[in-house]
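Enquirer: In this note's numbering, the protein residues as written are 1 to 174. Structure below; questions to follow.
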Amino acid sequence: TVEVRIIDTAGNVAATVGSRSLSLGASQTGIMNFTWNTGGTLYGNYTVYVQFIEEGNAVARATSPFSISAAMNISSKVSTDKMWYEINQTATINSTISSLSPNYIFENLTAKVSIRDQTATSVYTDTRSIPMLMPGQLTEFKTYWNAANNAPGNYTPNLTITSSTGEVLSTSQS
């Protein structure tokens, strides 16, 4: 019997790929193909561990290291609760950040909401920390802006998501 497992860097079994029977005579070789979808497995270094078992005893072992690349994808969306506001009304800015990564845990992200006037000048900024964003996770928050001290006109909310190193991962505007 041939058994195939995927082992992580801590020595834990990350996946059992499968096992199959194999009959070989003296000096014979055989080819077996196993398929494993890395799909939801976190990025990092792994080892393929193959064990050959005969009559209940492991008679041979083989290993081969490999790595899974990180798929670092984030989407963001920013919108307001209304299309226009009266003087002294507070605008509610809704921000949504989604991890589109199947295998990467984002840590220490920064979400910056800014409001720009007609000349693209920033008139308001709110910065939030996102300590962790798991694969497939969605996080939302609201920002409140009172436009009372600003001239009538069109204002645009913007949302920028940056990594802990300052890399811009996503931007959006309404």
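The beta carbon of each residue, even a glycine, is placed where N, CA and C say it ideally should be.
1) Take residue 61 and list the residues in its own chain whose beta-carbon comes closer than 6 Å to its own, dropping the five residues that flank it on each side.
2) When the Cα atoms are used, what is the spatial distance from residue 115 to residue 76?
3) Could you tell me the alpha carbon to alpha carbon distance between residue 40 and residue 140, rounded to whole angstroms?
4) Could you check if residue 46 is buried or exposed, using at least 16 other CB atoms within 10 Å of its CB as the buried criterion?
5) Starting from the C-beta of residue 246, find all residues in its chain whose C-beta is less than 8 Å away, skip the five residues before and the five after it, and write them out in chain order.
6) Do residue 132 and residue 101 have their beta-carbon atoms positioned less than 7 Å apart in this structure?
7) Can you find the residues in the same chain that come closer than 7 Å, C-beta to C-beta, to residue 160, ignoring five residues on each side of it along the sequence?
8) What residues are listed by DSSP as bridge partners for residue 87?
9) Give the straight-line distance between the Cα atoms of residue 150 and residue 84, rounded to the nearest whole angstrom.
10) Using CA coordinates, which residue listed in 106, 108, 103, 89 is at the minimum distance from residue 145?
11) Going along the chain, which residues of its own chain have a beta-carbon closer than 7 Å to the beta-carbon of residue 63, five neighbours each way excluded?
12) Got a sec, what are the start and stop residues for the beta strand (DSSP E) residue 132 sits in?
13) Considering residue 52, what are the terminal residues of the beta strand (DSSP E) in which it resides?
14) Count the other CB atoms, across all protein chains shown, that sit within 10 Å of the CB of residue 106; report buried if there are 16 or more and exposed otherwise.
15) Between residue 24 and residue 18, is the Cβ-Cβ spacing less than 7 Å?
16) So who's on the other strand from residue 34, going by DSSP bridges?
Expert: On the basis of the data shown:
1) The residue labelled residue 61 in the question sits at position 61 within the sequence shown. Hits under 6 Å: 51.
2) If you number the sequence shown from 1, residue 115 lands on position 115. If you number the sequence shown from 1, residue 76 lands on position 76. Between residue 115 and residue 76, the C-alpha separation is close to 16 Å.
3) Residue numbering aside, residue 40 sits at position 40 when the sequence shown is read from its first letter. Residue numbering aside, residue 140 sits at position 140 when the sequence shown is read from its first letter. About 23 Å.
4) Numbered from its first residue, the sequence shown carries residue 46 at position 46. Its Cβ being crowded by 16 or more others within 10 Å, residue 46 is buried.
5) Examination of residue 246 is not possible in this model, given that the chain is present from 1 through 174 alone.
6) In the sequence shown, the residue the question calls residue 101 occupies position 101. In the sequence shown, the residue the question calls residue 132 occupies position 132. Contact: no.
7) Against the sequence shown, residue 160 aligns to sequence position 160. Counting only Cβ-Cβ distances below 7 Å, and skipping sequence neighbours, we find 112, 168, 171.
8) Sequence index remark: in the sequence shown, residue 87 carries index 87 (1-based). DSSP, once it has assigned bridges, lists no residue as partnering residue 87.
9) Within the sequence shown, numbered from 1, the residue matching residue 150 stands at position 150. Within the sequence shown, numbered from 1, the residue matching residue 84 stands at position 84. Cα to Cα, the separation comes out at about 14 Å.
10) As a first step, residue 145 is located in the sequence shown; it is residue number 145 there, counting from the start. Distances from the CA of residue 145 to each of 106, 108, 103, 89 were compared; the closest alpha carbon is that of 89.
11) Residue mapping note: residue 63 aligns to position 63 of the sequence shown, counting from 1. 47, 48, 49, listed in sequence order.
12) Taking the first residue of the sequence shown as position 1, residue 132 is located at position 132. From DSSP, the beta strand (DSSP E) with residue 132 extends over 122 to 133.
13) For the purposes of this step, residue 52 is taken as residue 52 along the sequence shown, with counting starting at 1. Taken as a continuous stretch (DSSP letters only), the beta strand (DSSP E) holding residue 52 covers 44 to 54.
14) To locate residue 106, count along the sequence shown from 1; it is residue 106. Buried, by the Cβ-count rule.
15) Counted from its first residue, the sequence shown places residue 24 at position 24. Counted from its first residue, the sequence shown places residue 18 at position 18. Taking 7 Å as the Cβ cut-off, residue 24 and residue 18 do not qualify as a contacting pair.
16) Numbered from its first residue, the sequence shown carries residue 34 at position 34. DSSP, once it has assigned bridges, lists no residue as partnering residue 34.
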